[in-house]
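Enquirer:
Residue numbers (my numbering), protein chains in the order written: chain A, 1 to 407; chain B, 408 to 632.
As structure tokens, this is what we get:
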């Protein structure tokens, strides 16, 4: 049997039954679209996370004041402590080999008043070195420096979002703001940092010198985080050990007592984040796979039903010389054409959906080519697998009997 | 060309034996136009299926050009039907969603080689049956008589040795029937062997020879001219 001619006749048959063809292709198409869309979007999200983490720097250690555990793939604080002090930062800067920069931070929510405009935002109290660690520079005015820190200067630097909210296109430099009840002078606007891995805006923030925040504003003597930049990746492990021993000593932790801080590095952050996303991606793949299965069942049903009404056709084809094998091939051909048709439609819809999700989420669009090829192959295989039983049934029909079958 | 020797057929369903043919003997010569006449329920369809190799006899021999077909495998029989037998059915059995031309070409799908001039041959046959202007129609747009003429063209596309027709006029009005029978006359004149199974005396009388069946046996053989 000439496959090309058989295919062309099968196509005529399929296009003759437009609704039937449409419905069963649609079933497979939906499955393929779901796979392509979800896997594509998942991949884009993953890359987005990776690039964000990368942009923070892979040479960064974060000491967090408390115990953190990975719960459901996300780091959660299970106990917070007030033992992490600015002194710890000084000691680490001074004694740990390989540390380039180190700085403490803590943050509070606050209401900011400028003339009669009020807005709520985060106040981030940081040591000047933190700007360097975050690779933040001044886009207007200047950032605060060691001398501001030393003098507990009443100054602040606006994140671009806050600047936009309060001043629009106006010039904020030198303007007095009230942060909570404390008057501060705006000395600069920071460069944007974008979003964190949860999608929160890192620029909706006001930076104040750590000492100003601790003593003048909030009367606290402990830090939330201590950011440390090491010289290179190789220094990381050793630095980590030394930092641990300094902190344990400073915090007077006895032998055998658990750390009251958690040191995270980028690879760890990345791992947790990726774990979450991979778990999610797996779930999505399973769901999408299920919808492909549904598509397969759709084809199965259509082929079986069409077999009933096509018994006479099978009989005729046998009468004019089709062998068992030819009937088998013909039905498989039709099943795979249905799934192929659905596959193509699904790919188009899936890519479009993936693109829309990516763009609306602010991720760089990813064309999941591998997935696309995979989903295509799977859809074709679905058609073949679910087409086998009906095709076998068709080929086993007795020619004489099926010719007598009622229409 | 064709010889049946002691052909018996018994159906077995759920342990029950139903004998249908009780030993049929006859010969059909090359170029003969033979009618097999039988009232319904006398094993007519069974005999036709055996002649068309769609069914095998339980006993006896079926010689086709001195070759015993009862010994062939299923695939060999398919090839045999494709090359040597053209079928015309009472209910036409055309593919409804496929053009007239493609219907006529359908048997070539299962042929060993696809002749280059297939399309020309199909068009010539459609011309012969008077449907040269309908080649791109779908069968559902044609009358019953026209559909049967498409089926005849399809039966002849592989230039078979034997044209086997099962009640070819059974579903047609008398005018269409006459057209079909005239086409058969013409095919016969060109030398092809034709076997028509019918229960209508008028149809049978167009043939050279009438074989009458009764209760699963050959009752009589008569020459009409």
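Just so it is clear, CB atoms sit at the ideal spot from N, CA and C, and this is done for glycine as well.
#1: With DSSP as the reference, please indicate the residues paired to residue 440 of chain B in a beta bridge.
#2: Can you say whether residue 502 of chain B is buried or exposed, counting buried as having 16 or more other CB atoms within 10 angstroms of its CB?
#3: Name the one or two DSSP bridge partners that residue 95 of chain A has.
#4: Classify residue 232 of chain A as buried or exposed, calling it buried when 16 or more other Cβ atoms lie within 10 Å of its own Cβ.
#5: From what residue to what residue does the beta strand (DSSP E) around residue 125 of chain A run?
#6: So, at 6 Å on beta carbons, what are the nonlocal neighbours of residue 375 of chain A in its own chain, with the 5 sequence-adjacent residues on each side left out?
#7: So what does DSSP say about residue 499 of chain B, is it helix, strand or coil?
#8: Is there at least one Cβ from chain A nearer than 7 Å to residue 510 of chain B's Cβ?
#9: By the 10 Å Cβ neighbour count, where 16 or more other Cβ atoms means buried, how is residue 582 of chain B classified, buried or exposed?
#10: Applying a beta-carbon distance threshold of less than 7 Å, which residues of chain B neighbour residue 319 of chain A?
#11: Indicate the three-state DSSP secondary structure (helix, strand or coil) for residue 627 of chain B in the structure shown.
#12: Select from A/300, A/130 and A/134 the residue whose C-alpha is nearest the C-alpha of residue 145 of chain A.
#13: With respect to the beta strand (DSSP E) encompassing residue 141 of chain A, which residues constitute its N-terminal and C-terminal limits?
#14: Does DSSP put residue 521 of chain B in a helix, in a strand, or in coil?
#15: Would you mind reading off the limits of the alpha helix (DSSP H) that contains residue 252 of chain A?
#16: Counting C-beta neighbours from all protein chains within 10 Å, is the total for residue 277 of chain A 16 or more, i.e. buried, or is it exposed?
#17: Counting only the same chain and skipping the five closest in sequence on each side, list residues whose C-beta sits under 8 Å from that of residue 25 of chain A.
#18: What does the alpha-carbon distance come out to for the pair residue 127 of chain A and residue 102 of chain A?
#19: Judging by CA-CA distance, which residue of A/107, A/159, A/390 and A/154 is the nearest neighbour of residue 301 of chain A?
#20: Chain B beta carbons: is any one of them nearer than 7 Å to that of residue 316 of chain A?
#21: How about residue 559 of chain B and residue 576 of chain B: are their beta carbons less than 7 Å apart?
#22: Considering only DSSP beta bridges, list what residue 416 of chain B is partnered with.
#23: Using a Cβ cut-off of 7 Å, which residues of the region 545-569 of chain B contact any Cβ in chain A, in chain order?
#24: Give me the chain B residues within the contact set of residue 432 of chain A, using Cβ-Cβ distance strictly less than 8 Å, ordered along the chain.
#25: So, at 6 Å on beta carbons, what are the nonlocal neighbours of residue 139 of chain A in its own chain, with the 5 sequence-adjacent residues on each side left out?
#26: Please list the residues of the region 445-479 of chain B that have a C-beta atom closer than 7 Å to any C-beta atom in chain A, keeping them in chain order.
#27: In the DSSP assignment, the beta strand (DSSP E) including residue 208 of chain A goes from what residue to what residue?
#28: Measure the alpha-carbon distance for residue 483 of chain B versus residue 435 of chain B and round it to whole angstroms.
#29: Is the region 3-14 of chain A in contact with the region 507-516 of chain B, if contact means three or more CB pairs nearer than 8 Å?
#30: So is residue 469 of chain B buried or exposed if we call it buried at 16+ other beta carbons inside 10 Å?
#31: Helix, strand or coil for residue 377 of chain B per DSSP?
#32: Can you find a C-beta in chain B that's less than 7 Å from the C-beta of residue 408 of chain A?
#33: Using a Cβ distance threshold of 8 Å, determine whether the region 410-423 of chain B contacts the region 465-479 of chain B, with at least three qualifying pairs required.
#34: Counting only beta-carbon atoms, is residue 485 of chain B nearer than 7 Å to chain A?
#35: Would you list, in sequence order, the uninterrupted alpha helix (DSSP H) runs of no fewer than 4 residues that lie entirely inside the region 348-381 of chain A?
#36: Which residues bound the alpha helix (DSSP H) around residue 402 of chain A?
Expert: Answer, in terms of the structure:
#1: Walking along the second chain from the start, residue 440 of chain B turns up at place 33. In the DSSP output, where bridge partners are listed per residue, residue 440 of chain B has B/601.
#2: Taking the first residue of the second chain as position 1, residue 502 of chain B is located at position 95. The residue in question, residue 502 of chain B, is buried, as its Cβ has 16 or more Cβ neighbours within 10 Å.
#3: Along the first chain, one-based indexing puts residue 95 of chain A at 95. Answer by DSSP bridge pairing: none, since residue 95 of chain A is not bridged.
#4: On the first chain, residue 232 of chain A is found 232 positions in, with the first residue counted as 1. Per the 10 Å Cβ criterion, exposed.
#5: By one-based count along the first chain, residue 125 of chain A stands at place 125. First-last of the beta strand (DSSP E) with residue 125 of chain A: 117-126.
#6: Stepping through the first chain from its first residue, residue 375 of chain A is reached at position 375. Within the same chain, residue 375 of chain A has close Cβ partners 32, 35 and 36.
#7: Numbered from its first residue, the second chain carries residue 499 of chain B at position 92. Residue 499 of chain B falls in the coil class under three-state DSSP.
#8: Locating residue 510 of chain B in the second chain gives position 103, counting from the first residue. Answer no: the Cβ-Cβ gap between residue 510 of chain B and chain A never drops below 7 Å.
#9: If you number the second chain from 1, residue 582 of chain B lands on position 175. Per the 10 Å Cβ criterion, exposed.
#10: For the purposes of this step, residue 319 of chain A is taken as residue 319 along the first chain, with counting starting at 1. Ordered by position in chain B, the residues that pass the 7 Å Cβ test against residue 319 of chain A are 459, 461, 488 and 494.
#11: Here residue 627 of chain B is taken as the residue at index 220 of the second chain, counted from 1. It is a strand residue.
#12: Here residue 145 of chain A corresponds to residue number 145 of the first chain, with the count starting at 1. Of the candidates A/300, A/130 and A/134, the one whose C-alpha sits nearest the C-alpha of residue 145 of chain A is A/130.
#13: As a working mapping, residue 141 of chain A is identified with position 141 in the first chain. First-last of the beta strand (DSSP E) with residue 141 of chain A: 138-141.
#14: Here residue 521 of chain B corresponds to residue number 114 of the second chain, with the count starting at 1. Here residue 521 of chain B sits in coil by DSSP.
#15: Position 252 of the first chain, counting from 1, holds the residue named residue 252 of chain A. Residue 252 of chain A -> no alpha helix (DSSP H), and no H or E assigned at all.
#16: Reading the first chain from its first residue, position 277 is the one you call residue 277 of chain A. The residue in question, residue 277 of chain A, is buried, as its Cβ has 16 or more Cβ neighbours within 10 Å.
#17: Residue mapping note: residue 25 of chain A aligns to position 25 of the first chain, counting from 1. Cβ within range, chain order: 338, 339, 341, 342 and 345.
#18: As a first step, residue 127 of chain A must be located in the first chain, where it is residue number 127. As a first step, residue 102 of chain A must be located in the first chain, where it is residue number 102. Whole-angstrom Cα-Cα distance: 8 Å.
#19: Numbered from its first residue, the first chain carries residue 301 of chain A at position 301. Of the listed residues, the one whose Cα sits closest to residue 301 of chain A is A/390.
#20: Along the first chain, read from residue 1 onward, the residue named residue 316 of chain A stands at position 316. Yes, contact with chain B.
#21: As a working mapping, residue 559 of chain B is identified with position 152 in the second chain. As a working mapping, residue 576 of chain B is identified with position 169 in the second chain. No.
#22: Here residue 416 of chain B is taken as the residue at index 9 of the second chain, counted from 1. Residue 416 of chain B pairs with B/428.
#23: none
#24: Any property of residue 432 of chain A remains undetermined from this structure, which presents chain A solely from 1 to 407.
#25: Within the first chain, residue 139 of chain A is the residue found at index 139, counting from 1. Within the same chain, residue 139 of chain A has close Cβ partners 189 and 191.
#26: So the list reads 456, 459, 461 and 462, given in the order they occur along the chain.
#27: Along the first chain, one-based indexing puts residue 208 of chain A at 208. Note, residue 208 of chain A: beta strand (DSSP E), 205-209.
#28: Counting from 1 along the second chain, the entry for residue 483 of chain B is found at position 76. Counting from 1 along the second chain, the entry for residue 435 of chain B is found at position 28. Using only the alpha carbons, I get a separation of about 22 Å.
#29: yes
#30: Residue numbering aside, residue 469 of chain B sits at position 62 when the second chain is read from its first letter. It is buried - the Cβ of residue 469 of chain B has at least 16 other Cβ atoms within 10 Å.
#31: This structure gives no information on residue 377 of chain B, because the portion of chain B shown stretches from 408 to 632.
#32: There is no way to answer for residue 408 of chain A, as the model of chain A reaches only from 1 to 407.
#33: Touching, yes, given that three or more Cβ pairs across the two stretches are closer than 8 Å.
#34: For the purposes of this step, residue 485 of chain B is identified with residue 78 of the second chain, where counting begins at 1. Yes, contact with chain A.
#35: The DSSP assignment places no complete run of the alpha helix (DSSP H) inside the region 348-381 of chain A (cut-off: 4 residues).
#36: For the purposes of this step, residue 402 of chain A is taken as the residue at position 402 of the first chain. 399-404 is the span of the alpha helix (DSSP H), which, as asked, contains residue 402 of chain A.
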